[in-house]
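Number of protein chains: 2
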Amino acid sequence: MICGIDIGGTKVLGLAIADEPLDPIGHRLAPTIYDSDSLVDTIVSMVSDLEVDTGRTADVVGVGVAGIVDRDGNLRYSPNIPGVVDLPLSGVLSDRLQRPVLVENDAASATWAEHRCGSAVGCDNVIFVGLGTGIGSGFVLDGVLHHGWNGFSGESGHMIIDKTGPTHLTGARGPWELTASGSGLTRLARERAAEGCLESVLELAGTADEIHGRHIHAALDADARDVLELLDEFGHEVGIGLANLIHLLDPEVVVIGGGLVDLGDPLLDAIRRQTSSFVLGGDHRPAVSIRPARLGNRSGAIGAALLASELQIG
Amino acid sequence: MICGIDIGGTKVLGLAIADEPLDPIGHRLAPTIYDSDSLVDTIVSMVSDLEVDTGRTADVVGVGVAGIVDRDGNLRYSPNIPGVVDLPLSGVLSDRLQRPVLVENDAASATWAEHRCGSAVGCDNVIFVGLGTGIGSGFVLDGVLHHGWNGFSGESGHMIIDKTGPTHLTGARGPWELTASGSGLTRLARERAAEGCLESVLELAGTADEIHGRHIHAALDADARDVLELLDEFGHEVGIGLANLIHLLDPEVVVIGGGLVDLGDPLLDAIRRQTSSFVLGGDHRPAVSIRPARLGNRSGAIGAALLASELQIG
Chain B
1 MICGIDIGGT KVLGLAIADE PLDPIGHRLA PTIYDSDSLV DTIVSMVSDL EVDTGRTADV
61 VGVGVAGIVD RDGNLRYSPN IPGVVDLPLS GVLSDRLQRP VLVENDAASA TWAEHRCGSA
121 VGCDNVIFVG LGTGIGSGFV LDGVLHHGWN GFSGESGHMI IDKTGPTHLT GARGPWELTA
181 SGSGLTRLAR ERAAEGCLES VLELAGTADE IHGRHIHAAL DADARDVLEL LDEFGHEVGI
241 GLANLIHLLD PEVVVIGGGL VDLGDPLLDA IRRQTSSFVL GGDHRPAVSI RPARLGNRSG
301 AIGAALLASE LQIG
Chain U
1 MICGIDIGGT KVLGLAIADE PLDPIGHRLA PTIYDSDSLV DTIVSMVSDL EVDTGRTADV
61 VGVGVAGIVD RDGNLRYSPN IPGVVDLPLS GVLSDRLQRP VLVENDAASA TWAEHRCGSA
121 VGCDNVIFVG LGTGIGSGFV LDGVLHHGWN GFSGESGHMI IDKTGPTHLT GARGPWELTA
181 SGSGLTRLAR ERAAEGCLES VLELAGTADE IHGRHIHAAL DADARDVLEL LDEFGHEVGI
241 GLANLIHLLD PEVVVIGGGL VDLGDPLLDA IRRQTSSFVL GGDHRPAVSI RPARLGNRSG
301 AIGAALLASE LQIG
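From first to last, the protein sequence lines are chains B and U. For the first sequence, our numbering begins at 1 and goes up steadily by one. For the second sequence, our numbering begins at 1 and goes up steadily by one.
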C-alpha cells in the first residue's frame, strides 16, 4: 500500500492506494496546522491511521504540499501555510516513519496524476493549470514531470500579463492569478454587479460585495445569459495566460483543474474560445486540447502516491 | 566534417566544423532568397563550397532556420522569410545531399550551442533569449533541448506581458518582443528623444526619427548618463519577461544573445537588476545567473552542427 498525502492551505487529505489509484482503499481528512512540528505529527498520525483503517502497511509515502518545495524535499515556504518555513519535510518524515518519503509541490503532484491516470493519459506534453484561490500549475514535458534547477518550476500564477495593472498581494503588478483565478472571477463578478450588470447573480447574493462562487454557479445552473458573458470575459483572462504557456511550451493537452472546473462546459468553452484567439499561427499548428481535470480534489494525493511509488527514493 | 548552416532573415551563414566547434575550418555567407527552390539551391551549393574550401566531406548537415520548424524538420512558416511556407526542408535537403540533414529552429540551435560550448556549459537548465529585431528563445531542460509536442516551443517573444498595451505586427497586444527587443529599444529611444530627453543620442542621430541602435551604442561608449537611464527603463521590459520565464521554468542560467549583447555590461547590469526586482521569494531561492552569450552570430550554425552530429537522424 502507498500513502498519498495532500497538504493544502486548510485541509490535509490522506489516501491509501493499493492497486487502483482511482479507487483508494482508505482516506482520512484533517485540518492543516500552521506549525512545523504539529504538521509533521498530523502526517505521521494520518499514515498510522490509514494503516489501521486498511490493515495494510504503507511501503512508501508521497506528500504533495501547497508551497515551494526544493529537489531534496524541503518545504522552503508556503504562502498558504504561514509559520512553516524551511522545513526539511522529506527528511523529517523519513526519520519519523522509517520509510521512503517523497515530497513534491501539490500542483506538480496533481499534474502527474492527471498524466498517469486522469485527463491526459498517453500525452507526453501536458500543462496542468489549477484555478482556485490562486493558480497552481505543473508541466509534463516529454513524459517527465518538470522540476527545474531547484524544483521551483511551474509558478504560472506569478506570470505577469498586465505590467501596468493592479497590484497583487505579492507586490507584483498584473500577475495572471490576480484576474484568472477563482478569486479573480469573484472580483470580476462583484465589479460588474456594482456597475449594474449581472442581475442574475446580484439577485442571489443580495449585494455586489456578497457575491461568492456559489452564486455564480447557481445563476449558471439557471441558464442566466449575463453569467455566460461574465465567463467569456473571465475566459479572456485565462486565455491570455494559456496562450503564453502554449507559445512557450507547445503542449498537446492543457488540463484545467481547481475548484472552478465545477462550472463545467460554459467555463471551458469560454476558455477554449478565448485561448485560440490568442494563439498565433493557428493555421500552421494543430489545436491544443483543453480538458477538465478528471481527478478533482484527490489529484494531489494520488499524484504524490504515484510519484513516491515510481521514483527511486530513500 | 559537419556543416552547420544558419538561415536568417537576410543572410545564410555556413560553417565547416571538424574537431573544435569554436574554431570552424571553413565558412561561407550568402543572401537569403525568399523562394523555396532557390533557398534549397543556396544551401546545397554552400555545402558543396565548404567541402571544396576544406577538402573534407560533410558527413551530416545541421540547419538552423529563423522560423517555425516541426519535429520532422518541416519549415511551417517564417515571418522573416516570406514566400517560404510548409517546406519539407529536412526531407528535400536529405534527398539532394544524399546524407542526413537535421533542421531546427535557429534560436533552439543557438541555445544548444551555448549549452554545449558557450556561456552555459555544465548547466542543465538554461534559457537562451536572443534580443534582436524580435525575441528568439530556446530552453535546455534537464540537459535536453526542449521541443514540445510539435517542435514549436520557445516562442517567448509572443508572451503577452501587457494585455492592454499597443498592438504588435502579429495583431497581439503587448507581447514581450514589442518592447524588449532591439526594435523595442530603438522605439523607446525615439519616444524619449521626442519628449526632449536623451540629448546624447539625439545629438548623434540628428532627429528622434533617425535614431538607430548604433547611435545608442556610440552614446554609451561616450559614457552618457541619459543612455544608462534609457537602458534601465529598457531593462525593466526585459526583466518582466525574464522573471516570467524564471517563475515558469526555474533555470540555473539565462543566456542573453542577439545583437543587443554588444551593448555590454551596462545593458546586462540593467537586465540583472530589473529581473531580480520581479522574481518573488528571492530570499528563499538561489539567484539565477544572467550571462551574455559567448558565440555571437555563429551560435545558430554551431548549434545546428552539434545537434546534427549528436542526434540519431536519417
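Backbone N, C-alpha and C define an ideal beta-carbon position, used for all residues, glycine too. All of these numbers come straight from a predicted model, not from anything done at the bench.
Could you pull the start and end residues of the alpha helix (DSSP H) that S289(B) belongs to? Position 289 of the first sequence, counted from the first residue, corresponds to residue 289(B). For S289(B), no alpha helix (DSSP H) run applies; the uninterrupted beta strand (DSSP E) run containing it begins and ends at S289 to P292, by DSSP.
Here's the rule: buried if 16 or more other CB atoms are within 10 angstroms of the residue's CB, otherwise exposed. What is P286(U)? If you number the second sequence from 1, residue 286(U) lands on position 286. Per the 10 Å Cβ criterion, exposed.
Let me know the beta strand (DSSP E) ranges lying completely inside the region 243 to 270 of chain B, each 3 residues or longer, listed in chain order. 253 to 257
Taking only beta-carbon positions, decide if A304(B) is within less than 8 Å of chain U. The residue labelled residue 304(B) in the question sits at position 304 within the first sequence. By this cut-off, A304(B) is not an interface position.
Proximal residues of chain B, C-beta to C-beta of P153(U) below 8 Å: Within the second sequence, numbered from 1, the residue matching residue 153(U) stands at position 153. The question names Pro, but residue 153(U) is Ser in the sequence shown. Neighbourhood of S153(U) in chain B, by CB distance below 8 Å: L248, L249 and D250, in chain order.
Evaluate Q98(B) with the Cβ neighbour count: other Cβ atoms within 10 Å of its Cβ, from every protein chain shown; 16 or more gives buried, anything less gives exposed. Within the first sequence, numbered from 1, the residue matching residue 98(B) stands at position 98. With fewer than 16 Cβ atoms within 10 Å of its Cβ, Q98(B) is classed as exposed.
Of the residues D35(B), S156(B) and D6(B), the one placed nearest G239(B), counting alpha carbons only: Along the first sequence, one-based indexing puts residue 239(B) at 239. Measuring from the Cα of G239(B), the nearest candidate turns out to be S156(B).
For H215(U) and D262(U), which I take to be in contact (beta-carbon distance under 8 Å), what is that distance rounded to the nearest angstrom? Sequence index remark: in the second sequence, residue 215(U) carries index 215 (1-based). Sequence index remark: in the second sequence, residue 262(U) carries index 262 (1-based). About 13 Å; that fails the 8 Å criterion.
Is G314(U) buried or exposed, if buried means 16 or more other CB atoms sit within 10 Å of its CB? What you label residue 314(U) is simply residue 314 of the second sequence in a count that begins at 1. Confidence in G314(U) is poor, its pLDDT being 37 and thus under 50, which makes the residue's placement unreliable; the coordinate value appears in the next sentence. The residue in question, G314(U), is exposed, as its Cβ has fewer than 16 Cβ neighbours within 10 Å.
Beta carbons nearer than 9 Å to chain B: which residues of the region 124 to 152 of chain U have them? D124, N125, S137, F139, L141, D142, V144, H146, H147, G148, W149, N150, G151 and F152
Report the rounded CA-to-CA distance for G296(B) versus G55(B), giving the unit in angstroms. Along the first sequence, read from residue 1 onward, the residue named residue 296(B) stands at position 296. Along the first sequence, read from residue 1 onward, the residue named residue 55(B) stands at position 55. Near 27 Å, if we compare the C-alpha coordinates of G55(B) and G296(B).
Measure from the C-beta of P88(B) to each C-beta in chain U and report whether the shortest distance is under 8 Å. Taking the first residue of the first sequence as position 1, residue 88(B) is located at position 88. No, no contact with chain U.
Simplified DSSP assignment, three categories, for V103(B): Residue mapping note: residue 103(B) aligns to position 103 of the first sequence, counting from 1. DSSP places V103(B) in strand when its eight states are reduced to three.
For a test of the three-state rule: what should DSSP assign to V201(U), helix, strand or coil? Taking the second sequence and counting its residues from 1, one reaches residue 201(U) at position 201. Helix at V201(U).
Beta-carbon neighbours of I17(U), restricted to chain B and to distances below 8 Å: Within the second sequence, numbered from 1, the residue matching residue 17(U) stands at position 17. Chain B residues near I17(U): none, gap ~27 Å exceeds 8 Å.
Inter-stretch contact (C-beta, 8 Å, three-pair minimum) for the region 225 to 235 of chain U and the region 262 to 278 of chain U: Output reads yes: the region 262 to 278 of chain U touches the region 225 to 235 of chain U.
Who does G3(U) pair with in a DSSP beta bridge? To locate residue 3(U), count along the second sequence from 1; it is residue 3. A small correction: the amino acid at residue 3(U) is Cys; Gly does not occupy that position in the sequence shown. A16(U) and V61(U), per the DSSP bridge assignment.
Using a Cβ-Cβ distance under 8 Å, would R28(B) count as near chain U? Within the first sequence, the letter at position 28 stands for residue 28(B). Not closer than 8 Å to any Cβ of chain U, the Cβ of R28(B) fails to qualify, so no.
Quick check: E252(U) and N125(U), are their CB atoms within less than 8 Å of each other? Against the second sequence, residue 252(U) aligns to sequence position 252. Against the second sequence, residue 125(U) aligns to sequence position 125. Yes; because the gap between Cβ atoms is below 8 Å, this pair is in contact.
With distance defined between alpha-carbon atoms, name the residue in D35(B), A18(B), I33(B) and Y34(B) nearest to H27(B). Translated into positions along the first sequence, residue 27(B) becomes position 27. It is A18(B) whose Cα lies nearest to the Cα of H27(B).
Contacts of G281(U) in chain B (Cβ-Cβ under 7 Å): The residue labelled residue 281(U) in the question sits at position 281 within the second sequence. Those within 7 Å of G281(U) in chain B are I68 and Y77.
What would DSSP say about F152(B), mapped onto helix, strand or coil? Looking up residue 152(B) in the first sequence gives position 152. Reduced to three states, the DSSP call for F152(B) is coil.
Quick one: what does DSSP say Q312(U) is sitting in, helix, strand or coil? In the second sequence, residue 312(U) corresponds to position 312, counting from 1. The pLDDT assigned to Q312(U) is 47, lower than 50, so where the model puts this residue is not dependable; a value taken from the coordinates is nonetheless given after this. In the structure shown, Q312(U) sits in coil (DSSP, three-state: anything other than H, G, I, E or B).
Should the region 104 to 121 of chain U be called in touch with the region 46 to 61 of chain U, which here means at least 3 C-beta pairs below 8 Å? no
When we look at the beta-carbon of D59(B) and count the other beta-carbons within 10 Å, is it buried (16 or more) or exposed? Position 59 of the first sequence, counted from the start, is the residue given in the question as residue 59(B). D59(B) is exposed by the Cβ-count criterion.
Since P21(U) meets chain B, which of its residues come closer than 8 Å, beta carbon to beta carbon? Position 21 of the second sequence, counting from 1, holds the residue named residue 21(U). The premise fails here: P21(U) is roughly 25 Å from chain B at the closest Cβ pair, so nothing lies under 8 Å.
Hey, how far is the Cα of L202(U) from the Cα of D35(U)? The count along the second sequence starts at 1 and reaches residue 202(U) at position 202. The count along the second sequence starts at 1 and reaches residue 35(U) at position 35. Taking the straight line from one Cα to the other gives about 39 Å.
Please return the same chain residues whose Cβ sits closer than 6 Å to the Cβ of V255(B), not counting the five positions on each side in sequence. Position 255 of the first sequence, counted from the first residue, corresponds to residue 255(B). The beta carbon of V255(B) lies closer than 6 Å to those of E114, S119, A120, F128, R291 and A293 in the same chain, with the five residues before and after it left out.
Using a beta-carbon distance below 8 Å, is H284(U) in contact with chain B? Translated into positions along the second sequence, residue 284(U) becomes position 284. At least one CB atom of chain B sits nearer than 8 Å to the CB of H284(U).
Consider the C-beta atom of G73(U) and the heavy atoms of the ligand NAD; say whether any pair is separated by less than 7 Å. Looking at this structure, you won't find the ligand NAD or any other ligand, since it has none at all.
Return the first residue and the last residue of the alpha helix (DSSP H) that I216(B) is part of. Translated into the one-based positions of the first sequence, residue 216(B) becomes position 216. Element bounds for I216(B): G213 to D221.
Determine whether the beta carbon atoms of W149(B) and L307(B) lie at a separation below 8 Å. For the purposes of this step, residue 149(B) is identified with residue 149 of the first sequence, where counting begins at 1. For the purposes of this step, residue 307(B) is identified with residue 307 of the first sequence, where counting begins at 1. The Cβ-Cβ distance between W149(B) and L307(B) does not fall below 8 Å.
Along chain B, in chain order, which residues have C-beta atoms closer than 8 Å to that of T167(U)? Taking the second sequence and counting its residues from 1, the one referred to as residue 167(U) is at position 167. Near T167(U) there are no residues of chain B at all, since even the closest Cβ is about 13 Å away, more than 8 Å.
Beta-carbon separation of L198(B) and L260(B) under 8 Å? Here residue 198(B) refers to the residue found at position 198 when the first sequence is read from its first residue. Here residue 260(B) refers to the residue found at position 260 when the first sequence is read from its first residue. Note that the C-beta distance between L198(B) and L260(B) is not below 8 Å.
Would you please state the rounded distance, in angstroms, between the beta carbons of G213(B) and G182(B)? I believe it to be under 8 Å. Taking the first residue of the first sequence as position 1, residue 213(B) is located at position 213. Taking the first residue of the first sequence as position 1, residue 182(B) is located at position 182. About 6 Å; that satisfies the 8 Å criterion.
Compute the Euclidean distance between the alpha carbons of P24(B) and V279(U), then round it to the nearest angstrom. Here the question's residue 24(B) lines up with position 24 in the first sequence. Here the question's residue 279(U) lines up with position 279 in the second sequence. The alpha-carbon atoms of P24(B) and V279(U) are separated by roughly 39 Å.
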